[in-house]
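Have a look at the structure below before the remarks.
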Amino acid sequence: MTDLDVRTEKIPAARAVDAMKTYGTGEASVHALAGVTVDFPRHGFTAIMGPSGSGKSTLMQCVAGLDRLTSGHVFIGTTAIDGLSKTDLTLLRRDRLGFIFQQYNLIPSLSAEENILLPLSLAGTKVDRAWFDEVVQTVGMQDRLKNLPSQLSGGQQQRVAVARALVPKPEIIFADEPTGALDSRTGTEILSFMRRAVDTTGQTIVMVTHDPHAASYADRVLFLADGQIVDEMDAPTTDRVLDRMKRFEG
Amino acid sequence: MFRLIISSVRHNRSRYTATLIAIITGVAFYAATGFVSDRVIDSLEGDVNRQYGNVDVAVVAEESASSTAVPATISGKQADALTALPGVEGSAGSLVGATGFVDAQGKPYATDAAGRLWITDDQLNPLQISSGRAPAKTGEIAVDRGLADRQKLKTGDQVTVLTLAGNQPATIVGITHFAKSDALDDGGTVSVPEAAAFDWLSNGHRVYQEYYLRGADPDALRTAAAKIAPTGFTALSGDEFRAEKRESVGSFGQVLKQALQAFAILALLVGGFVIYNTFTVIVAQRLRELAVLAAIGATGKQLKRSLRYEGLVIGLVGSILGVVAGLGLTFVLIGALTLFGVSLPGSGLVLTPSNVISGIFLGTIITVLSVMIPARRAARTEPIEAMRSAAVESVKLPVRRGVTAAVLGLLGLAAMLLGTNAGLIGLGVVLFVAAVLIGGPHIASIGARLARPLLSRFGIEGRLAVDNSVRNPKRTAATANALVIGVFLVTLVAVVGTTVKDFAVGQLATLQSADYLVISDGGTVDAAFVDKLSAVKDVEQVVPFQRQAVSVDSTPGALSTGDIAALRQVANIQVSSGSLDKLGPGTIAVPEDDKTPHRVGSTVTVTNDAGTSTDLRVVAVIGLSLDSGVIGNLVDQATFTSIEGDVAPTAAFVDTADGAQTETKEAIQTLADLRPDITVTPGNQLGQTLSTVFDFIINAVTGLLLMSVLVALIGIINTMSLSILERRRELGLLRIIGTTDDRVKRMIRLEAVLISLLGTLTGLVAGVIVSLCVTVSINRLTNVAITPHAPFIEIVVILVAGVVLGFVAALLPARRSTRMSPLEAVQAT
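So the sequences go chain by chain: A and B.
Each residue of the first sequence is one higher than the one before, starting from 1135 at the first, in our numbering.
Each residue of the second sequence is one higher than the one before, starting from 19 at the first, in our numbering.
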């Protein structure tokens, strides 16, 4: 490992500083994020939780370069993304980030394999075949690669989406309610793939969820309420998360 | 239900805008053509009714009189006999001759004006005095308003008139007009009083070309006039006469109307495809909404009805707006035609109810019909579809459809190539086109797959563009159909039109022989003029000949004589049987005539103007050529004199050196311009004229067809916009995982170009195939050898236009594709 690598290892994969996101102006303005400062450590699996309207999705979207902050800063590695142009932001997402959505969001006209390779095709990067095979084996889609999304079940489509996020080895994968549309068994499978990716290859994952079971797969849980981080929990379990969540309602 | 429709229209405004534009364009064009042609027809026909309203009986030349023959006339004696008929209250003869003017420097102007005998019977005179007074004695003339404006003439002006009797000094004493128009004649009307008319406009004898009578008992008068009408003339009732005049003056308007409206209807039909297409997509998109309605108890019938009413509302609104837009377009059309040198008579707008109603009716009907099929799809909506994912699924094409298309196509080809009459061949064309349209989805699917390797070179977005068009080949085909039809027709017109033009011009070229034909209308080709012509550089020989109107076995024709050996040298005279050497006293050479064939040895009766008949034996039959058409029947000098008396030559053939230059042509033309009676036709003129006419028709038709291509463009914009809306989640995802906006736009552009190219190529190929088949069949059925025209330039132009069209069509949708934030897009349901 060189000096530079050592240094980057210490820098968090992503970091938000005084992140503010305000909708509307004056009296009617709503603070979706009211000054959040948070680090997402490298090789970590972070879950963001909170009741509806707590700002958990907004936080993830702003950190992922999908939305812009009203004030404050977001860094991906050492790159401040606030000043990036729309195109540069798009290219940053393409080259350094990965995404998993609730609604799978595969391209219906492309086969499973083509969907998985889509980010690499867009970037024009050569495919690391061995790595591709390993990821496909892990998610168990090796026999369905030629199928179109319409020929796959919801769980299978989400496995393809996970593989699509993993194959380019992005610095961070952002997952927005990845198990929200799945039954619990399939959801658990998807979560274990993500966990394994963090444990075996050091993948960094940030996941927004409202499901305590899903959150229990993370290393750390951030609790948001009213646009602020109100709590953190390391080594979460389903029960502990559930308990913490109950306090929001109380 | 009605509220649902209204709110649906309101909430889907952008979708309906495109549909509306399609309807408005089609209806506006249809209405405008109607307005323009009605204005022309109304003006021309109205003028006829107003100006010839008092004519009860008209003695006019029979239509069969050949145009190349010398025009027959009514002699003074015959005219007097008509006037003397019992019950005649007024009479007038019409005489029109060529005139022109020459200025102080000897330069001629207004040489295409017509000189008219001024009719003194007020009720029968079609012209009216605008200012000044009627011309009364020799040396006085009146000119029409338009001519006066163009040439800056006013009453009191001294002018020199070019007449058959040479240059004549005259004073303009009056300005005339013809009802709402300026003049009766295209080039202007010069009115000449009776005292001078027969000298100036004819050969000095009192003759008329038409004769009008009015009287208390028109029927009796007509019967009486018919009995004494000269040979080749017929007596028409006032109504018949006016109908004929209307037809001749109004025919331009009628032809204009039919031609324009044929294409207007075409534009409407192409618009129909666009409307159909839009509604299909709207139904597909609203499937969820429709399914919810079905789930809460709306029956299929109600769903179908709701869509039909939507079509009705949109169709009605669009059609009414279209007619209004048509009013504006009318002025644009008139302006455009004026730019092309076609000035239309009439003024203001003629708002005939039939135009307004038919425009609204046709537009609405086509819209409602276009909605039928999508409405049936809506009726089949199952409630369960409300639960399904809204993602656009791939559509599998039924094999049945492909088989149907193939069978129809083969049947069409067979009918076109083997059909024994025009009907069968036409049916073949229809079948073939139907096959192309039915097989469209297959063509789209195969075509897009073939294009994949090419488009893949544009990267992943090229790949996706192909995949999108293959995903729903039915819709791709429906979008392209409008273009297919437009391009098909453009190609057909270009190829068949050019083929026929080349053939006709080629045929004429082989017919032609003399370099120039000089004809004096009313005057003579005298020795002095022949000398002047002969003196022109590069003119090698001038052969004048005598030519008079006669009837041969009661068929009007020309009788000619001259230096027969010299004529045969300069003109194309082919003897098909017999021999011209035997031409002598009592014999005649007749032209070939399919209807009443003459044989060598038979006898024909030649009757002159005065009614004297002479029997002549046929010694030769002359094959048909342009020159022989001018000559007509040929006799020797002595025979001619015995029939017609001693008359001067009225025509001449001119032979010029090979490669004679423009200056020769101009010199000859200048000589002719100074003699108003003389017209010069270059030998290849007919071919050129015909070629120009064909070119004009081909261009005009193509221009009109481009209208339908424009409507097709709207269709592509429409489909692309809707498809972007449908795929917004996909597009959103692509952008989130790193597709830059430029690449998304490029993908949309590539898809639009692909659809547009597919449509263009399909139309082009179908057009070329049908053109070739039709040409081959014309050759087969008519025993001629037409060489099919290879329209390479047209093909390249059309293809380039197709690509450009695709780019243009993608402009708006491409911009729209990246307007939504990717996050919103990906979360859209």
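Every residue, glycine too, gets a C-beta built ideally from N, C-alpha and C.
query                                                                                                                      : result
C-beta atoms of B:Ser848 and B:Leu830 nearer than 8 Å                                                                      : Since the first residue of chain B shown is 19 and the last is 847, residue 848 of chain B is not available in this structure.
8 Å Cβ cutoff, B:Glu328 in contact with chain A                                                                            : no
First through last residue of the beta strand (DSSP E) which encompasses B:Ala670                                          : Ala669 to Thr674
Distance, B:Thr37 Cα to B:Asp645 Cα                                                                                        : 58 Å
B:Ser769 at chain A interface by Cβ criterion, 8 Å                                                                         : One detail in the question is off: residue 769 of chain B reads as Glu in this sequence, not Ser. B:Glu769 does not count as touching chain A.
For B:Ser578, the nearest candidate out of B:Val639, B:Thr657 and B:Arg635 (CA to CA)                                      : B:Thr657
Same chain, Cβ closer than 7 Å to B:Arg232, five either side skipped, listed in chain order                                : Asn72, Val73, Asp74, Glu107, Gly108, Gln141 and Leu142
Contained alpha helix (DSSP H) runs [length at least 4] in the segment 239 to 271 of chain B, N- to C-terminal order       : none
Of the listed residues B:Pro144, B:Asn651 and B:Ala213, nearest to B:Val622 (C-alpha basis)                                : B:Asn651
Delimiting residues of the alpha helix (DSSP H) encompassing B:Val451                                                      : Ala440 to Ile456
Interface residues of the segment 752 to 768 of chain B facing chain A [CB-CB below 9 Å]                                   : Leu752, Arg753, Ile754, Ile755, Gly756, Thr757, Thr758, Asp759, Asp760 and Arg761
B:Ile782, DSSP secondary structure in three states                                                                         : Going by the sequence as given, residue 782 of chain B is Leu instead of Ile. Of the three classes helix, strand and coil, the one that applies to B:Leu782 here is helix, per DSSP.
Within the segment 540 to 570 of chain B, ranges of the beta strand (DSSP E) (whole runs, at least 3 residues)             : 557 to 570
Cross-chain neighbours of A:Ser1186 in chain B, by beta carbon under 9 Å                                                   : By Cβ distance, chain B contributes nothing, its closest Cβ being about 14 Å from A:Ser1186, past 9 Å.
Distance between beta carbons of B:Gln566 and B:Val648, contact taken as under 8 Å                                         : B:Val648 to B:Gln566, Cβ: 13 Å. No contact.
Under 8 Å between C-beta atoms of B:Leu449 and B:Ala462                                                                    : no
Stretch pair the segment 173 to 180 of chain B + the segment 225 to 243 of chain B: three plus CB contacts closer than 8 Å : no
Within chain B, partners of A:Ser1287 - CB distance below 8 Å                                                              : Near A:Ser1287 there are no residues of chain B at all, since even the closest Cβ is about 12 Å away, more than 8 Å.
is_contact[B:Asn490, chain A] using C-beta, thresh 8 Å                                                                     : no
Per-residue burial, A:Ser1326 [other beta carbons within 10 Å of its own, 16 or more giving buried]                        : exposed
B:Asp171, DSSP secondary structure in three states                                                                         : Reading off the sequence, residue 171 of chain B comes out as Leu, not Asp. Here B:Leu171 sits in coil by DSSP.
Chain A contact for B:Ile478 (CB, 8 Å cutoff)                                                                              : yes
Expected contact under 8 Å - CB spacing of B:Val561 and B:Ala670 to nearest Å                                              : 6 Å
Given B:Ala238 as reference, the closest of B:Ser337, B:Ser255, B:Thr317 and B:Ala589 once Cα atoms are compared           : B:Ser255
Proximity below 8 Å, CB of B:Phe119 to CB of B:Leu180                                                                      : yes
Buried or exposed by the 16-neighbour rule on C-beta atoms within 10 Å, applied to B:Ile754                                : buried
Of the residues A:Ala1198, A:Tyr1157 and A:Pro1185, the one placed nearest A:Phe1174, counting alpha carbons only          : A:Ala1198
For B:Val637 and B:Val505, the rounded distance between their alpha carbons                                                : 56 Å
Three-state secondary structure assigned by DSSP to B:Asn626                                                               : coil
Exposure of B:Gly124, with buried meaning 16 or more beta-carbon neighbours within 10 Å                                    : exposed
Length of the line joining the Cα atoms of B:Ser148 and B:Trp136                                                           : 15 Å
Residues within the segment 1239 to 1273 of chain A neighbouring chain B, beta-carbon criterion of under 9 Å               : Asn1239, Leu1240, Ile1241, Pro1242, Ser1243, Leu1244, Glu1248, Leu1252, Pro1253, Ser1255, Leu1256, Ala1257 and Gly1258
Three-pair Cβ contact test at 8 Å for the segment 1213 to 1220 of chain A versus the segment 1267 to 1279 of chain A       : no
Terminal residues of the alpha helix (DSSP H) in which A:Ala1198 lies                                                      : Taken as a continuous stretch (DSSP letters only), A:Ala1198 belongs to no alpha helix (DSSP H), as it is neither H nor E.
C-alpha distance - B:Thr737 paired with B:Leu369, whole-angstrom precision                                                 : 36 Å
Simplified DSSP assignment, three categories, for B:Lys683                                                                 : helix
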